[in-house]
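For reference, the structure is listed below as structure tokens.
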Amino acid sequence: MSRLYEHEAKGLARRLDIPVPKGRVAKTPEEAAAVAAEIGLPVMVKAQVLAGGRGKAGGIRGARTLEETASVAAQVLGMTIGDQIVETVLIEEQLEVAKEMYLAVLVDDATKGPLLVCSERGGMEVDAALADGRGVSRLPIDVRFPVRSFHARALINTAAPNAAQREALAALVPTIYQLYRQYDATTLEVNPLVCTADGRVIVADMRVELDDYALFRHPELGLEPIKRGQAPERSEQAWYLLEAKDYRGTWAHIQLVPESVVAGGGYIGFHAVGGGESMISMDALNRVGLRPGNYCDTSGAPPASKIYRAARIILAQPNIQGFYFITCIANQPLDETARGLYKALMEMRPEVPVLIRIAGNKDREAHAILRRAAAVLPGAVEIYGREADEDFCAERMAGMVTESTARRRS
Amino acid sequence: MLVIQILTGTIELDHTVCSTCKNQVCVRVCPTQVFRLDNMLPVAAMAVDKIKSGGCTECLACEQECHWHGAGGLTIRLPIPIYDI
Numbered sequence: 014m015s016r017l018y019e020h021e022a023k024g025l026a027r028r029l030d031i032p033v034p035k036g037r038v039a040k041t042p043e044e045a046a047a048v049a050a051e052i053g054l055p056v057m058v059k060a061q062v063l064a065g066g067r068g069k070a071g072g073i074r075g076a077r078t079l080e081e082t083a084s085v086a087a088q089v090l091g092m093t094i095g096d097q098i099v100e101t102v103l104i105e106e107q108l109e110v111a112k113e114m115y116l117a118v119l120v121d122d123a124t125k126g127p128l129l130v131c132s133e134r135g136g137m138e139v140d141a142a143l144a145d146g147r148g149v150s151r152l153p154i155d156v157r158f159p160v161r162s163f164h165a166r167a168l169i170n171t172a173a174p175n176a177a178q179r180e181a182l183a184a185l186v187p188t189i190y191q192l193y194r195q196y197d198a199t200t201l202e203v204n205p206l207v208c209t210a211d212g213r214v215i216v217a218d219m220r221v222e223l224d225d226y227a228l229f230r231h232p233e234l235g236l237e238p239i240k241r242g243q244a245p246e247r248s249e250q251a252w253y254l255l256e257a258k259d260y261r262g263t264w265a266h267i268q269l270v271p272e273s274v275v276a277g278g279g280y281i282g283f284h285a286v287g288g289g290e291s292m293i294s295m296d297a298l299n300r301v302g303l304r305p306g307n308y309c310d311t312s313g314a315p316p317a318s319k320i321y322r323a324a325r326i327i328l329a330q331p332n333i334q335g336f337y338f339i340t341c342i343a344n345q346p347l348d349e350t351a352r353g354l355y356k357a358l359m360e361m362r363p364e365v366p367v368l369i370r371i372a373g374n375k376d377r378e379a380h381a382i383l384r385r386a387a388a389v390l391p392g393a394v395e396i397y398g399r400e401a402d403e404d405f406c407a408e409r410m411a412g413m414v415t416e417s418t419a420r421r422r423s
Numbered sequence: 026m027l028v029i030q031i032l033t034g035t036i037e038l039d040h041t042v043c044s045t046c047k048n049q050v051c052v053r054v055c056p057t058q059v060f061r062l063d064n065m066l067p068v069a070a071m072a073v074d075k076i077k078s079g080g081c082t083e084c085l086a087c088e089q090e091c092h093w094h095g096a097g098g099l100t101i102r103l104p105i106p107i108y109d110i
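Residue numbers (this note's numbering), protein chains in the order written: chain A, 14 to 423; chain B, 26 to 110.
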């Protein structure tokens, strides 16, 4: 999902006249001080990264003077929070908080639709509130109909401290929902939703995640999932760039474990053909204690070139203990699948064990192609067909990995 | 070197090597007849635009059959971004 930076989410909020604190982004301490001078002191200096825990990491701090603003910005810029370096800070007016609430639009698995959630306790208390449920209201939404203020009143109950703020909150909820729908969000969380001492209701922080598959509807946002600060792994970046231009067949790739962790050992490369096969096989591997570093499914009859690229990327993961390729499928010519796999294996020449199970359309031709690779590759290669089920193959892979590890240690 | 653009890469034909080939298997195995022989050397049999827009289906049969049964003069390059391939 494409998660927006806080300042981007607030930019969308401003488009719909949702009240947010006055503020602008800055990339240097001098710029931060200039923004503070413009909006008035005191201010908050907020790191703009997509990692959680900004506050705990010291990435959200107040400043009372222009000099302090510049000093705090200098400290926050360049910090590493999670795995992200702070390159931008948001300078905002500091709010006088009377109460912090929580408001969200989420996807509800039970009702298979949007769910409005409101908690009287927000900010740092929201986790406890959502866990114990006290003061929390939930309202499933029928997507066929808009959210009206009466829905909001049913939701907010007694959340806000006074009648004026309850009315402001009741007016805000439909607009928050409108933002969620208009930009194809999958998650929208306002935490905290602040009632200020001077009677305002303000979205102090907002987390928005957009559906990647709907980004094409919003070119004005200038977003591409590949460039998001969630730091996709290089395999995911490559996969995205290639798939964006090649509609032949399907290719899904997820780097389940960062390559930096795969490099530490204990993971295998995983490549399946067939979504169902991939899930059954992942389960089988997990049962025998093997851990795939990635997920990959190439089905829908992609060309050999796509199979090659998928396998090549998987084999490029550092220090994998084995490579596992499995399919049982009728709707694609597996000899062509095998050609793609053959090219990747011959280029990468893995020294780790390789287990291949190919069953289905043109599987015998596929086996003949891959036996050529098996004859010359330095590592152990075992090829199975219709006679071997997923549990057998997973157990065999585990055995090959154990044997290979023992040989390397001796 | 003859380079033929395909949808997501290139086919490179080293005619110096191809000239030693005994069977020109690349021409026979191609399912869409991308190649023809010109003086016993494989060249494009259809317009380059047509090859590039899907005339070549990137099945990789020509490269592999060439290396198994021919002289080994045909190579397919399939770039992968980010990995500098």
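We put the CB at the ideal spot given by N, CA and C, even for glycine. Bear in mind that the values here come from a model prediction, so they are computed numbers and not experimental data.
N-terminal and C-terminal residue of the alpha helix (DSSP H) that residue i is part of
i	result
T415(A)	403-422
A372(A)	Per DSSP, A372(A) belongs to no alpha helix (DSSP H); it is in the beta strand (DSSP E), 367-373.
F336(A)	Where F336(A) is concerned, there is no enclosing alpha helix (DSSP H), although the beta strand (DSSP E) it sits in stretches over 336-342.
T82(A)	79-89
M219(A)	Premise fails: M219(A) lies in the beta strand (DSSP E), 219-223, not in any alpha helix (DSSP H).
F229(A)	That residue, F229(A), is in no alpha helix (DSSP H); it is neither H nor E in DSSP.
F163(A)	162-169
G24(A)	19-28
Below-8 Å beta-carbon distance, residue i vs any chain B residue
i	result
S232(A)	A small correction: the amino acid at residue 232(A) is Pro; Ser does not occupy that position in the sequence shown. Output row for P232(A): interface = no.
I375(A)	This sequence places Lys at residue 375(A); Ile is not what is there. No, K375(A) does not count as interfacial toward chain B.
P316(A)	yes
E378(A)	no
G278(A)	no
K356(A)	yes
E349(A)	yes
Y260(A)	no
Q250(A)	yes
G353(A)	yes
Neighbour flag for residue i against chain A, beta carbons, 8 Å
i	result
E37(B)	no
I76(B)	no
P106(B)	yes
T57(B)	no
T45(B)	no
A86(B)	yes
Q89(B)	yes
L103(B)	yes
G34(B)	yes
T100(B)	no
T41(B)	no
Inter-residue Cα distance where the pair is residue i and residue j
i	j	result
I73(A)	R194(A)	29 Å
A184(A)	K69(A)	32 Å
V68(B)	G34(B)	17 Å
H380(A)	D296(A)	25 Å
R362(A)	I101(B)	18 Å
E43(A)	V414(A)	56 Å
V216(A)	A314(A)	48 Å
R384(A)	A407(A)	20 Å
R37(A)	G66(A)	21 Å
Y321(A)	A386(A)	14 Å
A210(A)	N175(A)	11 Å
K23(A)	A39(A)	15 Å
P159(A)	R325(A)	48 Å
E21(A)	T188(A)	17 Å
T200(A)	L269(A)	22 Å
E48(B)	L32(B)	The displayed chain sequence assigns Asn, not Glu, to residue 48(B). Cα to Cα, the separation comes out at about 27 Å.
Distance cut-off 7 Å: residue i Cβ against heavy atoms of the ligand HEM
i	result
Q191(A)	As for the ligand HEM, it is missing from this structure, which has no ligand bound.
First through last residue of the beta strand (DSSP E) which encompasses residue i
i	result
K356(A)	Segment 347-361 is the alpha helix (DSSP H) holding K356(A); no beta strand (DSSP E) there.
E378(A)	Careful: E378(A) lies outside any beta strand (DSSP E), inside the alpha helix (DSSP H) at 376-389.
G36(A)	36-39
V286(A)	282-286
A69(B)	66-69
T100(B)	99-102
A198(A)	198-209
Y308(A)	308-312
V58(A)	56-60
Length at least 3, wholly inside the segment 102-151 of chain A: the beta strand (DSSP E) runs in chain order: 102-106, 110-121, 126-132
Meets three-Cβ-pair contact criterion under 8 Å: the segment 199-214 of chain A and the segment 140-152 of chain A: no
Below 8 Å, can you find three or more Cβ-Cβ pairs linking the segment 297-316 of chain A to the segment 340-351 of chain A? yes
Between the segment 329-336 of chain A and the segment 349-369 of chain A, do three or more beta carbon pairs fall short of 8 Å? yes
Determine, using beta-carbon pairs with one atom in the segment 113-122 of chain A and one in the segment 80-90 of chain A, whether at least three such pairs fall under 8 Å. no
contact_flag[the segment 275-283 of chain A, the segment 39-53 of chain B] where n(CB pairs < 8 Å) is 3 or more: no
Specify whether the segment 126-133 of chain A and the segment 219-226 of chain A touch according to this definition: at least 3 beta carbon pairs, one from each stretch, less than 8 Å apart. no
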